[in-house]
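Right, one structure below, let's go through it.
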Amino acid sequence: MANLKVIRNRIESVTSTRQITSAMKMVSSAKLRKAQDAINNLRPYSEKLQQILECIINDSVNEKDELIFLRKTEEINKVLLIVITSNRGLCGAFNTNVIKQAIMLAHDKYGSQLKNNSVEFFVFGKKGFEYLRRKNYVVIQANHEIFDSLTYENVSSVADFFMEKFSSGEYDHMEFVYNQFKNAAVQILTVENFLPVEFEKEEEVVASFLKTYVDYIFEPTKEYIKNELIPQSIKFQLYRALIDSYASEQGARMTAMHKATDNATEMIKQLKLEYNKARQANITNEILEIVSGANALTGRD
Numbered sequence: 179m180a181n182l183k184v185i186r187n188r189i190e191s192v193t194s195t196r197q198i199t200s201a202m203k204m205v206s207s208a209k210l211r212k213a214q215d216a217i218n219n220l221r222p223y224s225e226k227l228q229q230i231l232e233c234i235i236n237d238s239v240n241e242k243d244e245l246i247f248l249r250k251t252e253e254i255n256k257v258l259l260i261v262i263t264s265n266r267g268l269c270g271a272f273n274t275n276v277i278k279q280a281i282m283l284a285h286d287k288y289g290s291q292l293k294n295n296s297v298e299f300f301v302f303g304k305k306g307f308e309y310l311r312r313k314n315y316v317v318i319q320a321n322h323e324i325f326d327s328l329t330y331e332n333v334s335s336v337a338d339f340f341m342e343k344f345s346s347g348e349y350d351h352m353e354f355v356y357n358q359f360k361n362a363a364v365q366i367l368t369v370e371n372f373l374p375v376e377f378e379k380e381e382e383v384v385a386s387f388l389k390t391y392v393d394y395i396f397e398p399t400k401e402y403i404k405n406e407l408i409p410q411s412i413k414f415q416l417y418r419a420l421i422d423s424y425a426s427e428q429g430a431r432m433t434a435m436h437k438a439t440d441n442a443t444e445m446i447k448q449l450k451l452e453y454n455k456a457r458q459a460n461i462t463n464e465i466l467e468i469v470s471g472a473n474a475l476t477g478r479d
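In our numbering, the protein residues as written are 179 to 479.
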């Protein structure tokens, strides 16, 4: 039976840990609520913007090749994978899943480019950057500060960097790897095309769109709208991915801390039970010693 002092110290230690995990759960819950509000406010605008672009692009199929951000190369030589992780841990398999998926994507889909050192990484978050650098992958840049102030203005400047790299021909293809937010307990590991821009819709959405399609008159001009909205759509895509990832991180951390708190509570119950058993055993031993001593004295008389 363990020493009473040892058990008591373990109970105090686990109780302290439970207070920390419970506090972290509450903080993540508050951050998650704000992130959910941001996602709910962003998605309707993003979907409508996508619909307008779909309308314009489908109406000018022959002009697609003239738009730099829609241009596809026959052979992909240089690839940039944009990996979105977090700056902190204690969020379950959130970071591990994204990093594994990014590495798998590089080896399976872009194996030939990887052998030629033509697959590079841009990483959001310290966790992904530290792992990829440790494994000697080519990380051209890492951005850890974006999550300190996740606003459209800050994301816009980063999106300009990507668009400049693509339009200059430095990269032929760019893809996201991140966790898409579904709910607090579920994050969807997502690989999403970034550049060149692709407009993909489900069959039902396409059918509904074509059914309600109207030949609009565009003002000022269709070309002007395309040149303005496509870069804005790219910025919103990056912003949405970062918001999704941030919300997923808070949901994953809240769930992990909730489980940790429950485990600590269960461990405290077991330790208290063990402590009571040990204490009862000590009391029983003391009683036996007293009785044995009394019997010995009685026998002498």
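By construction, the Cβ of each residue, glycine as well, lies at the ideal position given by its N, Cα and C atoms.
DSSP three-state label for residue i, please.
i: A434; result: helix
i: H351; result: strand
i: K400; result: helix
i: I408; result: helix
i: N273; result: helix
i: V375; result: coil
i: I395; result: coil
i: I254; result: coil
i: L367; result: strand
i: E380; result: Confidence at E380 is low in this model, with a pLDDT of 44, below 50, so its placement is unreliable and no value can be given for it.
i: N460; result: helix
i: L416; result: helix
i: L259; result: strand
i: N265; result: coil
i: E361; result: The identity of residue 361 in the sequence shown is Asn, whereas the question assumes Glu. In the structure shown, N361 sits in a strand (DSSP, three-state: E or B).
Pull up the CB-CB distance for residue i and residue j, whole angstroms please, since I reckon it's below 8 Å.
i: K404; j: L245; result: 6 Å
i: E464; j: I185; result: Actually they do not touch by this definition, with Cβ atoms about 18 Å apart.
i: L259; j: E348; result: With 8 Å as the limit, L259 and E348 do not qualify as a contact, their Cβ atoms being about 14 Å apart.
i: T329; j: V301; result: Not confirmed; about 20 Å, so no contact.
i: N460; j: L182; result: 7 Å
i: V355; j: L449; result: The pair is not a contact, with the Cβ atoms about 42 Å apart (cut-off 8 Å).
i: G306; j: V261; result: 5 Å
Do you know whose CA, among the options, lies nearest residue i's CA?
i: I366; options: T193, N265 and F272; result: F272
i: N144; options: E370, I235, E232 and N321; result: A question about residue 144 goes unanswered here, because the residues of the chain that appear run from 179 up to 479.
i: L416; options: N454, K437 and L373; result: L373
i: L310; options: N473, I281 and K287; result: I281
i: I421; options: S191, A474 and D326; result: D326
i: E225; options: L407, K203, E427 and T462; result: L407
i: V205; options: M435, N460, A459 and A284; result: M435
i: E252; options: N219, R211 and H351; result: H351
i: V317; options: E342, M432, I277 and S346; result: I277
i: S346; options: A472, K256, Q197 and I446; result: K256
i: R431; options: A201, L182 and L449; result: A201
i: S426; options: Y402, G289 and A213; result: A213
i: E370; options: R418, E401 and E397; result: R418
i: K364; options: R196, Q410 and S423; result: At residue 364 the sequence reads Val, which differs from the Lys that was named. Looking at the Cα atoms, S423 is the closest of the given residues.
i: G429; options: V355, R457, A208 and S191; result: A208
i: G270; options: E467, Y402, S470 and T433; result: T433
i: R249; options: Y288, F344 and G267; result: F344
i: V192; options: E331, K447, L475 and I468; result: K447
Are the stretch 437-452 and the stretch 353-364 touching, with three or more C-beta to C-beta distances below 8 Å? These segments do not touch.
Are the stretch 282-295 and the stretch 328-343 touching by the rule of at least three beta carbon pairs closer than 8 Å? The stretch 282-295 is not in contact with the stretch 328-343.
Quick check for students: name the residue ranges of the beta strand (DSSP E) that lie wholly in the stretch 286-328, counting only runs of 3 or more. DSSP assignment within the stretch 286-328 yields the following whole beta strand (DSSP E) runs of 3 residues or more, N-terminal first: 297-302 and 317-321.
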